[in-house]
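Chemist:
Numbering (the working numbering), first residue to last: 5 to 642.
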């Protein structure tokens, strides 16, 4: 009996000993490395190891683009096909009378009986024309159309293959994880190398960036098809191909279309940054507003992108609709097609093809006056705040990490955290990756970016978690926040960064504020989800023992929701990292600014090095925070 009681104590002591040893290792490592390497800068011994060969390859490519089989036999044909698709869709949409497209959008959605949604989407399609942005909108629709078609053509077969081949799915999973972790603009760098400047590299980058959702959700949809339905089809002699085409694919279609919908939303998220590759469209309009510092024009262009997102979202959802009770009779469908044909003939015959000039982008110019007034009259707040954030927060932390802390200490602490929360594999990966980043000369820029990321994440979490907890407790609050969060997530970040730049001038603060506005959305939503999913039994049990609402919140709700909240923080970090390039465009410095320089100056080698540094930072932060969330999960009950 005594031995039985002593066993748990021994286990606890061993756990305590292991924890103490791990902390001793951390302390000894930090002190020893600080004493050995204090005052030494990171030796950039491989400064040109990556950029040199890539720049040489780029120079070789420019000289041999018209003659070498690699370009003439592969990249040029791919470019020609994509370019043909872009031109064909764009010219076809511009050939149609302007009013045909809104009517077609309404008809596609209303065929399922969703009349109100159809009217809203049709009116949304009219908005870009009302503000004088019809042709840029058509350019964006063409780019989106080609990119999404290619993505679906690649992603659905890969998803089907992943559903039927477990080893293939296991091999694809880390690749898809990496593709979703890498910030979108990093894909621009290799596109410059192989496709040059223009809409084609923007389309290819969009395809790569938007591919993971459709692959994952296609595989999920196929796997979720009831086994009974599959077995029934085989009982009747169906082959595997027939079962897939006639049973599994139709039943998985709603899930697959959800993946397509997510692909569309991700593709729209890259529209503005694609202007760095001279893709044009609405993204160029938004970028021009930053240069001109005209927030009114930026809001008009941003709302046009929101309108396109709404239209594509509603259309893709309607195509996934399988409730036949809501669908209208086929005769009405044929009648609608006849009406569309008549509208095309009427518009072409009367010359009513181009959208008539109504308001133009100057309709929201009063916003410019409001922002100018705020800049001139609120400078007593904005200037001291800007100076405090930069001079008293960001720069001291940057100098501390760069000048006071030895670089091996930072690598050791990162590896220790990875080992503590995940294991030796992640620790080795983190240490080796950070060493490579330093050796290629990206250490200082990475630290500058890391400081900005940490600051943005801390502010975002301080805002998102309390609001998320509040929304999780109050359904009415969550419902009221819905449109605001949708707007923050859909409107291009450039739209709300323009007035911030005018208020705070070019620098690190506008990028920090834009990152926070963009990143708080998943933090609020996932925190609210975690609070809402806390079992009622646990809450009732705490109340039975006399716990106050505050005690229930701090002792039950938040601890049980901690794993979900941590996943929300993980998404906040990823969103902030996705804003690194935007922050660089408005003077944030660091890796973001260097990425923009690499794209603008066409320095592909430098771009690869910067991209590698961003990817390493994203993967390490992602893996460590995911591991932390996993450790917070309660143990599984048998």
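Cβ coordinates follow ideal geometry from the N, Cα and C atoms, glycine included. Every value quoted in this text rests on a predicted model; they were computed, and no experiment measured them.
(1) Would you decide whether residue 36 is buried or exposed? Buried here means 16 or more other CB atoms lie within 10 Å of its CB.
(2) Identify the continuous alpha helix (DSSP H) that holds residue 227 and give its terminal residues.
(3) Measuring CA to CA, which of 56, 183 and 448 is closest to residue 406?
(4) What do you get for residue 320, buried or exposed, if any count of 16 or more other CB atoms within 10 angstroms of its CB means buried?
(5) Measure the CB-CB distance between residue 210 and residue 151 and report whether it falls below 8 Å.
(6) Roughly how far, in whole angstroms, is the beta-carbon of residue 596 from the beta-carbon of residue 587, given that I think they are within contact range, below 8 Å?
(7) On the CB-based measure, 16 or more other CB atoms within 10 Å of its CB, does residue 95 come out buried or exposed?
(8) Please classify residue 346 as buried or exposed, where buried requires at least 16 other C-beta atoms within 10 Å of its C-beta.
(9) Leaving out five residues before and five after residue 485 in sequence, what residues of the same chain have Cβ atoms less than 8 Å from its Cβ?
(10) Return helix, strand or coil for residue 77, following the three-state DSSP convention.
(11) Taking only three categories from DSSP, how would you classify residue 623?
(12) Quick one: does residue 422 have its CB under 8 Å from some CB of chain D?
(13) Residue 342: which of 108, 176 and 621 sits nearest, CA to CA?
(14) Nearest-angstrom Cα distance between residue 146 and residue 268?
(15) Could you tell me the alpha carbon to alpha carbon distance between residue 253 and residue 226, rounded to whole angstroms?
(16) Considering only C-alpha positions, which residue in the set 454, 510 and 568 is nearest to residue 624?
(17) Looking at C-alpha atoms only, which residue of 445, 335 and 103 is the closest neighbour of residue 54?
(18) At the level of alpha carbons, what is the spacing between residue 569 and residue 561?
(19) With distance defined between alpha-carbon atoms, name the residue in 534, 222, 97 and 144 nearest to residue 265.
(20) By DSSP, does residue 420 sit in helix, in strand, or in coil?
(21) Give the straight-line distance between the Cα atoms of residue 348 and residue 307, rounded to the nearest whole angstrom.
(22) In whole angstroms, give me the CA-to-CA distance for residue 7 and residue 25.
(23) Whose CA, out of 503, 502 and 478, lies closest to the CA of residue 536?
(24) Hey, how far is the Cα of residue 374 from the Cα of residue 436?
(25) Quick one: grab the DSSP three-state call for residue 537.
(26) Need the endpoints of the alpha helix (DSSP H) that residue 575 sits in, please.
(27) Tell me, please, whether the region 287-306 touches the region 499-510 by the rule of three or more beta-carbon pairs shorter than 8 Å.
(28) What is the rounded straight-line gap between the Cα of residue 141 and the Cα of residue 322?
(29) Going by CA-CA distance only, name the one from 424, 318 and 462 that's closest to residue 116.
(30) So is residue 61 buried or exposed if we call it buried at 16+ other beta carbons inside 10 Å?
(31) For residue 304, which option in 353, 372 and 359 has the closest C-alpha, if you only look at C-alpha atoms?
(32) By alpha-carbon positions, which one of 384, 199, 627 and 39 ends up nearest to residue 427?
(33) Counting C-beta neighbours from all protein chains within 10 Å, is the total for residue 279 16 or more, i.e. buried, or is it exposed?
(34) Roughly how many whole angstroms lie between the Cα atoms of residue 159 and residue 573?
(35) Using a 10 Å radius around the Cβ and a threshold of 16 neighbouring Cβ atoms, would you call residue 671 buried or exposed?
Modeler: The structure says:
(1) In the chain shown, the residue the question calls residue 36 occupies position 32. Exposed, since its Cβ has fewer than 16 Cβ neighbours within 10 Å.
(2) The count along the chain shown starts at 1 and reaches residue 227 at position 223. Taken as a continuous stretch (DSSP letters only), the alpha helix (DSSP H) holding residue 227 covers 203-227.
(3) The residue labelled residue 406 in the question sits at position 402 within the chain shown. Checked all of 56, 183 and 448; the closest Cα to residue 406 is 448.
(4) Here the question's residue 320 lines up with position 316 in the chain shown. Taking all protein chains in view, the Cβ of residue 320 is crowded by 16 or more other Cβ atoms within 10 Å, so the residue is classified as buried.
(5) As a position in the chain shown, residue 210 is number 206, starting the count at 1. As a position in the chain shown, residue 151 is number 147, starting the count at 1. Against a cut-off of 8 Å, the Cβ pair of residue 151 and residue 210 comes out as a contact.
(6) By 1-based counting over the chain shown, the position of residue 596 is 592. By 1-based counting over the chain shown, the position of residue 587 is 583. Correct: roughly 5 Å between the Cβ atoms.
(7) Residue mapping note: residue 95 aligns to position 91 of the chain shown, counting from 1. Exposed: under 16 other Cβ atoms inside 10 Å.
(8) Within the chain shown, numbered from 1, the residue matching residue 346 stands at position 342. Exposed is the call here.
(9) Here residue 485 corresponds to residue number 481 of the chain shown, with the count starting at 1. Within the same chain, residue 485 has close Cβ partners 471, 475 and 528.
(10) Counting from one through the chain shown, the residue named residue 77 turns up at place 73. Under the three-state reduction of DSSP output, residue 77 falls in the helix class.
(11) Residue numbering aside, residue 623 sits at position 619 when the chain shown is read from its first letter. The answer is helix: DSSP assigns residue 623 an H, G or I state.
(12) Within the model displayed, chain D is absent; a lone protein chain is all it includes.
(13) For the purposes of this step, residue 342 is taken as residue 338 along the chain shown, with counting starting at 1. With distances taken between Cα atoms, residue 342 lies closest to 108.
(14) Within the chain shown, residue 146 is the residue found at index 142, counting from 1. Within the chain shown, residue 268 is the residue found at index 264, counting from 1. Distance between the alpha carbons of residue 146 and residue 268: 13 Å.
(15) As a first step, residue 253 is located in the chain shown; it is residue number 249 there, counting from the start. As a first step, residue 226 is located in the chain shown; it is residue number 222 there, counting from the start. Each residue's CA atom was taken as its position, placing residue 253 and residue 226 some 7 Å apart.
(16) Along the chain shown, one-based indexing puts residue 624 at 620. The option with the nearest alpha carbon to residue 624 is 454.
(17) The sequence position of residue 54 within the chain shown is 50, counting from 1. The residue with the shortest Cα to Cα distance from residue 54 is 445.
(18) Your numbering for residue 569 matches position 565 in the chain shown. Your numbering for residue 561 matches position 557 in the chain shown. Straight through space, the alpha carbons of residue 561 and residue 569 are spaced by roughly 11 Å.
(19) Taking the first residue of the chain shown as position 1, residue 265 is located at position 261. Of 534, 222, 97 and 144, the residue nearest in Cα terms is 222.
(20) By 1-based counting over the chain shown, the position of residue 420 is 416. Here residue 420 sits in helix by DSSP.
(21) Reading the chain shown from its first residue, position 344 is the one you call residue 348. Reading the chain shown from its first residue, position 303 is the one you call residue 307. Whole-angstrom Cα-Cα distance: 27 Å.
(22) Reading the chain shown from its first residue, position 3 is the one you call residue 7. Reading the chain shown from its first residue, position 21 is the one you call residue 25. Annotation note: pLDDT 46 at residue 7 (below 50); position unreliable, coordinate value reported separately. Rounded to whole angstroms, residue 7 to residue 25 spans 26 Å at the Cα level.
(23) Counted from its first residue, the chain shown places residue 536 at position 532. The shortest C-alpha to C-alpha distance from residue 536 to any of 503, 502 and 478 is the one to 478.
(24) Here residue 374 refers to the residue found at position 370 of the chain shown. Here residue 436 refers to the residue found at position 432 of the chain shown. The alpha-carbon atoms of residue 374 and residue 436 are separated by roughly 51 Å.
(25) Walking along the chain shown from the start, residue 537 turns up at place 533. The answer is coil: DSSP assigns residue 537 none of H, G, I, E or B.
(26) Position 571 of the chain shown holds residue 575. First-last of the alpha helix (DSSP H) with residue 575: 562-582.
(27) Counting Cβ pairs under 8 Å, three or more are found: they touch.
(28) Position 137 of the chain shown, counting from 1, holds the residue named residue 141. Position 318 of the chain shown, counting from 1, holds the residue named residue 322. Counting only the Cα atoms, residue 322 lies some 22 Å from residue 141.
(29) Taking the chain shown and counting its residues from 1, the one referred to as residue 116 is at position 112. The candidate whose alpha carbon is nearest that of residue 116 is 318.
(30) To locate residue 61, count along the chain shown from 1; it is residue 57. Looking at its Cβ environment, which holds fewer than 16 other Cβ atoms inside 10 Å, residue 61 is exposed.
(31) Sequence index remark: in the chain shown, residue 304 carries index 300 (1-based). Checked all of 353, 372 and 359; the closest Cα to residue 304 is 372.
(32) The sequence position of residue 427 within the chain shown is 423, counting from 1. Ranking 384, 199, 627 and 39 by Cα distance to residue 427 puts 627 first.
(33) As a working note, residue 279 is residue 275 in the chain shown. Classification of residue 279: buried, given that the 10 Å Cβ count is 16 or more.
(34) The residue given as residue 159 occupies position 155 in the chain shown. The residue given as residue 573 occupies position 569 in the chain shown. Approximately 29 Å between the Cα atoms of the pair.
(35) Residue 671 cannot be examined here, being either before or after the span of the chain that is shown, 5 to 642.
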